[in-house]
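A.B. asks: I'd like to ask you about the structure that follows.
Number of protein chains: 2
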Amino acid sequence: MPNPMPNLRLVPIGHIMTGYCSLEECPRNIAAGLPHSYIHLEDRYAVALTGMVPGRRYDIVYWLDRGDRSSSCLMQTSHRTGEPAGVFTKCSPHRPNPIGLSRVVLHAIDGLALEVDGLDCLDGTPLLDIKPAVL
Amino acid sequence: MPNPMPNLRLVPIGHIMTGYCSLEECPRNIAAGLPHSYIHLEDRYAVALTGMVPGRRYDIVYWLDRGDRSSSCLMQTSHRTGEPAGVFTKCSPHRPNPIGLSRVVLHAIDGLALEVDGLDCLDGTPLLDIKPAVL
Chain A
3 MPNPMPNLRL
13 VPIGHIMTGY
23 CSLEECPRNI
33 AAGLPHSYIH
43 LEDRYAVALT
53 GMVPGRRYDI
63 VYWLDRGDRS
73 SSCLMQTSHR
83 TGEPAGVFTK
93 CSPHRPNPIG
103 LSRVVLHAID
113 GLALEVDGLD
123 CLDGTPLLDI
133 KPAVL
Chain B
3 MPNPMPNLRL
13 VPIGHIMTGY
23 CSLEECPRNI
33 AAGLPHSYIH
43 LEDRYAVALT
53 GMVPGRRYDI
63 VYWLDRGDRS
73 SSCLMQTSHR
83 TGEPAGVFTK
93 CSPHRPNPIG
103 LSRVVLHAID
113 GLALEVDGLD
123 CLDGTPLLDI
133 KPAVL
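Just so you know, the sequences run in chain order A and B. Under my numbering, the letters of the first sequence match residues 3 to 137, in that order. Under my numbering, the letters of the second sequence match residues 3 to 137, in that order.
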């Protein structure tokens, strides 16, 4: 593995609360009907919420801190077909850079808390970014 | 700013070739009609391409290494309306964690090179991840 370049560092800007306390509890994928999740933003980022609109879709970017980043993550097995599949065809949390990404509807904003569609990550997952969903 | 947690480090897994050598040359956003871009994957990740299919859409995740991460990035001005807008409503490269995200069609795979819809980032931008587009 190459040495990570020292400037490719992330800062958590909040946390995602899902209520799932173990990997076994996490749903395998996002699906309709999951209980809503809550994003708690650190207060220094409050101004960045300006202009967000409930009802719109946003991309939530987060850090899958329990992911396996070793080379064994590169080829995985499809749960659906049992066939081998490269990690770039999978939403698996096990990847070279364990960045999670989910497109959700924003349901409500209450101060620093955002209520969104149900996410499938662990409770307390570090939040990295929120972006407007395009395309 | 908090100290970054030491384990929130990324590794470049390839680079994106767009031909744009300065920020002034980069298109402001992705749009139909941009020349296709090319992703060059590092060879150790070749196996992770297994199962990728031209014609399908993928999310390309990359590192906006010229982004301004200071607190001044949190509130920006809309180019369209001139109104102030929080960074979470913008696709701007200037954000607390300068992760870029674009949903593109994969047009062709040739060894370690992927031809995709035109991206708007600088030539040589570090690639972080490729994911299947869902939702």
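In this text, a Cβ means the ideal position worked out from N, Cα and C, and glycines have one as well.
1) For a contact meaning CB atoms closer than 9 Å, what does residue 28 of chain B contact in chain A?
2) For residue 130 of chain B, count neighbouring C-beta atoms within 10 Å of its own C-beta (all shown protein chains included) and say buried if the count is 16 or more, exposed if not.
3) Do we get a CB-CB distance below 8 Å when we pair residue 6 of chain A with the residues of chain B?
4) Does the count of Cβ pairs from the segment 46-59 of chain B and the segment 11-21 of chain A closer than 8 Å reach three?
5) Could you check where the beta strand (DSSP E) with residue 55 of chain B kicks off and where it finishes?
6) Taking residue 52 of chain A as the query, report the chain E residues whose CB atoms sit under 7 Å from its CB, ordered along the chain.
7) Can a CB atom of chain B be found closer than 8 Å to the CB of residue 47 of chain A?
8) Kindly indicate which three-state DSSP category residue 47 of chain A falls into: helix, strand or coil?
9) Nearest-angstrom Cα distance between residue 170 of chain B and residue 25 of chain A?
10) Return the residue from the list B:115, B:118, B:132, B:95 that minimises the CA-CA distance to residue 28 of chain B.
11) Give a yes or no on whether 8 Å exceeds the smallest Cβ distance from residue 93 of chain A to chain B.
12) For residue 8 of chain A, which of helix, strand or coil comes out of DSSP?
C.D. replies: Working from what's here:
1) Looking up residue 28 of chain B in the second sequence gives position 26. Chain A residues near residue 28 of chain B: none, gap ~16 Å exceeds 9 Å.
2) For the purposes of this step, residue 130 of chain B is taken as residue 128 along the second sequence, with counting starting at 1. Label assigned to residue 130 of chain B: buried.
3) As a first step, residue 6 of chain A is located in the first sequence; it is residue number 4 there, counting from the start. The pLDDT assigned to residue 6 of chain A is 46, lower than 50, so where the model puts this residue is not dependable; a value taken from the coordinates is nonetheless given after this. So yes, residue 6 of chain A belongs to the interface.
4) no
5) In the second sequence, residue 55 of chain B corresponds to position 53, counting from 1. It is not in any beta strand (DSSP E) - residue 55 of chain B carries neither H nor E in the DSSP assignment.
6) Protein chains in the displayed structure are A and B, and chain E is not among them.
7) Position 45 of the first sequence holds residue 47 of chain A. Residue 47 of chain A has a beta carbon lying within less than 8 Å of a beta carbon in chain B.
8) Along the first sequence, read from residue 1 onward, the residue named residue 47 of chain A stands at position 45. Helix, per DSSP.
9) No answer is possible for residue 170 of chain B: it lies beyond the span of chain B, which begins at 3 and ends at 137.
10) Within the second sequence, numbered from 1, the residue matching residue 28 of chain B stands at position 26. Ranking B:115, B:118, B:132, B:95 by CA distance to the CA of residue 28 of chain B puts B:95 first.
11) As a working note, residue 93 of chain A is residue 91 in the first sequence. Proximity of residue 93 of chain A to chain B, defined by a Cβ-Cβ separation below 8 Å, is satisfied.
12) Walking along the first sequence from the start, residue 8 of chain A turns up at place 6. Because the pLDDT at residue 8 of chain A is just 48, under 50, the model does not fix this residue reliably, and the value given afterwards should be weighed accordingly. Three-state result, residue 8 of chain A: coil.
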